[in-house]
Amino acid sequence: MTMTAAEREERARDALAEITPAGTFGDLISETPEDDGVFTLLFAATMGGYPGWHWTVSLAELEGEQPSVLETELMPGDGALLAPDWVPWSERLEEYRAAQAAAGEPDETVELTESDDDDDHDLDEDHGDDPDDGIDFESDSVALAVGEDEQHEPEPETDEGSPEPPAVPVRKNRRQKQQQPGEGDEPQD
Numbered sequence: 217m218t219m220t221a222a223e224r225e226e227r228a229r230d231a232l233a234e235i236t237p238a239g240t241f242g243d244l245i246s247e248t249p250e251d252d253g254v255f256t257l258l259f260a261a262t263m264g265g266y267p268g269w270h271w272t273v274s275l276a277e278l279e280g281e282q283p284s285v286l287e288t289e290l291m292p293g294d295g296a297l298l299a300p301d302w303v304p305w306s307e308r309l310e311e312y313r314a315a316q317a318a319a320g321e322p323d324e325t326v327e328l329t330e331s332d333d334d335d336d337h338d339l340d341e342d343h344g345d346d347p348d349d350g351i352d353f354e355s356d357s358v359a360l361a362v363g364e365d366e367q368h369e370p371e372p373e374t375d376e377g378s379p380e381p382p383a384v385p386v387r388k389n390r391r392q393k394q395q396q397p398g399e400g401d402e403p404q405d
């Protein structure tokens, strides 16, 4: 049985409706006859986040057989997987502000001045798990956080004129000898 172009489109739309909501595919873009009675129909993808993509439905029409759907899939079109051209931040910011003004929303962006761009923030500063974070090794006195039961005095500087790195207090491991059953029950001579 041979279908008309309108019947093929209706059959392809029914096949798409089985795998995706009807609002995610749009107009028929093209219908291409392939070899051996196969037709490929392309529909526009109308889903957000998929610009340039299309739905593909392949139908088979063989002599003496009912027309059947071979496959349906969402495929990227030419250039759909390419990143858009880079736009400088200043231009994107202008577009953002224009969109905010058109929507009647207040502009919440912050203008940076030269005084904001001083050395208040040290770019080399690491806020990770480094125990030396926040210690100024160039100053004359170095304060270390120590346990309440320990006290630490800074070590004197060397004759070379540069301070030594602070000594890290070492806690002694206090291991208690575990006794085996039967040992130590009686005093030893």
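Count along the sequence shown starting at 1, add 216, and that's the number in the numbering used here. Beta carbons are placed, not taken as given, at the ideal position from N, Cα and C, and that holds for glycine.
inquiry  = For Thr248, which residues in the same chain have their Cβ closer than 6 Å to its Cβ, ignoring the five residues on either side in sequence?
reply    = Thr256
message = Beta-carbon within less than 6 Å of Ser246's beta-carbon, same chain only, minus the 5 sequence neighbours each way: which residues are those?
response = Leu258
key: Beta-carbon contacts of Asp294 that lie in its chain and below 8 Å, excluding the five residues immediately before and after   = Gly268
ask   = Beta carbon of Val254, beta carbon of Ser284: below 7 Å?
value = no
ask   = Between the C-alpha atoms of Ala315 and Pro322, what's the straight-line distance to the nearest angstrom?
value = 11 Å
request  = Use the C-beta contact count for Leu298: other C-beta atoms within 10 angstroms, 16 or more gives buried, fewer gives exposed.
outcome  = exposed
key: Whole-number beta carbon distance between Thr240 and Thr262, since they are thought to touch under 8 Å   = 6 Å
inquiry  = Taking DSSP's pairing of strands, which residues face Trp271 in a bridge?
reply    = Phe259, Leu290
ask   = Do you know offhand how far Asp230's Cα is from Asp252's?
value = 23 Å
query = In this structure, does DSSP put Thr248 in helix, strand or coil?
reply = strand
task = Taking only the alpha-carbon atoms, compute the straight-line gap between Ala319 and Leu278 and give it to the nearest angstrom.
result = 56 Å
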